[in-house]
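One structure is given here, and the rest of the page talks about it.
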Amino acid sequence: EKEALRIYRDLEPTLDDGTVIEVAANLGATEEIEAAQEAGAMGIGLFRTELLFMRHTHLPSEDMQYDVYKQLVEAFPKHSVIVRTLDIGGDKPIAGIEFPSEENPFLGWRGIRMCLERPDMFKMQLRALLRAAVHGNLKVMLPMISTVDEIERTERLIEECRQELKEKRIAFGDFALGVMIETPAAVLIAPMLAKKAAFFSIGTNDLTQYIMAADRLNPAVAGLNDVTNPAVMAAIEMVAKAGRQAGIMVGMCGEAAGRPDLIPEFVRFGLTELSMSPASIPRAKRTLSELGKKSAA
Ligand code: PEP
Ligand code: MG
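Heads up: the sequence shown begins at 361 in UniProt numbering, then just goes up one per residue.
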């Protein structure tokens with residue numbers, strides 16, 4: 361099957377109306393770039409920066425992060441690369457940050473919530489991203505968004521970073537700033553978020569656990585942790601609609617994005633980007649190409 365799927369590597373899935381569906385890769389480290397390229401990834405839809413922070417015994421410096429982000433955009437000159445800002449929580453400690461112990465880490469001080477309260481660390485990442493934007497089509501997205509205010513506060517920090525780089529005469533570019541939709545709050549205020557965000561990426565892993573109120577790591581409630589539950593699918597459809605109405609791109613980067621059984625439904629909702637682990641890409645491309653054929657017949 362692997363051989364048979366190779367023919368899809370260079371395919372850019374296109375719908376009857378001419379819409380191209382970006383099939384992108386989820387990556388956690390630069391070591392995975394080659395596998396993504398081999399699989400036919402049309403850019404990166406989610407680069408998780410957690411490993412970068414967890415790998416070291418100290419916080420990664422601005423220069424070190426810059427090198428990593430630059431390497432990513434240079435690896436995909438024809439496509440966009442979406443880097444997600446640090447999404448770490450009380451359950452995953454990193455060197456250099458003190459985490460309080462929490463009863464409910466998944467409902468706690470994680471992702472954008474933590475970053476906004478550690479502006480020195482957050483700005484180091486944002487400056488590295490602004491600098492890397494010079495080298496390609498970089499986009500940045502914020503995890504765990506649940507209020508409009510979180511985007512506005514991040515925008516203010518980005519503006520400060522621009523001023524700082526200007527003062528130091530360090531070259532920098534610009535990136536589109538998008539948000540992950542992975543909390544029920546974000547779904548419900550999607551039309552408001554769409555006025556501030558350049559794009560949406562639906563994180564079905566967290567969105568499912570939060571909508572169903574079922575811990576994604578607890579096997580006792582695994583049955584509820586199902587993206588095909590009508591409540592979750594309705595949320596995805598709502599987000600796609602809100603994004604479409606505001607004219608912004610809506611993609612998906614949770615595990616569900618790579619499921620051939622669900623891809624036709626997601627495309628019908630209006631998602632135009634699906635990001636998944638490299639291993640899922642060939643099959644997803646095949647599913648999308650068959651979709652086009654079926655409607656043409
Ligand atoms: C998600 O929640 O769907 C997602 C893509 O992010 P992560 O799995 O890293 O939480
Ligand atoms: Mg998530």
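We treat Cβ as the ideally placed atom computed from N, Cα and C, and that holds for glycine.
The criterion of a C-beta distance shorter than 8 angstroms is satisfied by Gly-449 and Pro-465. CA-to-CA, the gap between Thr-409 and Ala-364 works out to about 33 angstroms. A Cβ-Cβ contact shorter than 8 angstroms links Met-504 with Gly-471.
Of all alpha-carbon atoms in Asn-585, Tyr-570, Ala-600 and Asn-578, the one lying nearest the alpha-carbon of Pro-551 is that of Ala-600.
Secondary structure remark: continuous alpha helix (DSSP H) runs of at least 4 residues inside the segment 566-605: none found.
From the listed residues Glu-422, Leu-412 and Lys-483, the smallest Cα separation to Pro-453 is found for Leu-412. Proximity to Met-481 across Arg-491, Ala-531 and Leu-419 peaks at Leu-419, based on C-alpha coordinates. Counting only runs of at least 4 residues, the segment 419-479 fully encloses the following alpha helix (DSSP H) elements, listed from N- to C-terminal order: 422-435 and 472-477. Comparing alpha carbon positions, the residue from Ile-511, Ala-554 and Tyr-570 closest to Gly-468 is Tyr-570. In the DSSP assignment, Phe-532 falls outside any alpha helix (DSSP H) and carries neither an H nor an E. Every residue with a CB closer than 5 angstroms to a heavy atom of the ligand MG is listed here in chain order: Glu-542, Gly-563 and Asp-566. Cβ atoms of Ala-385 and Pro-638 come within 8 angstroms of each other, at about 5 angstroms. The DSSP-derived three-state label of Ala-558 is coil.
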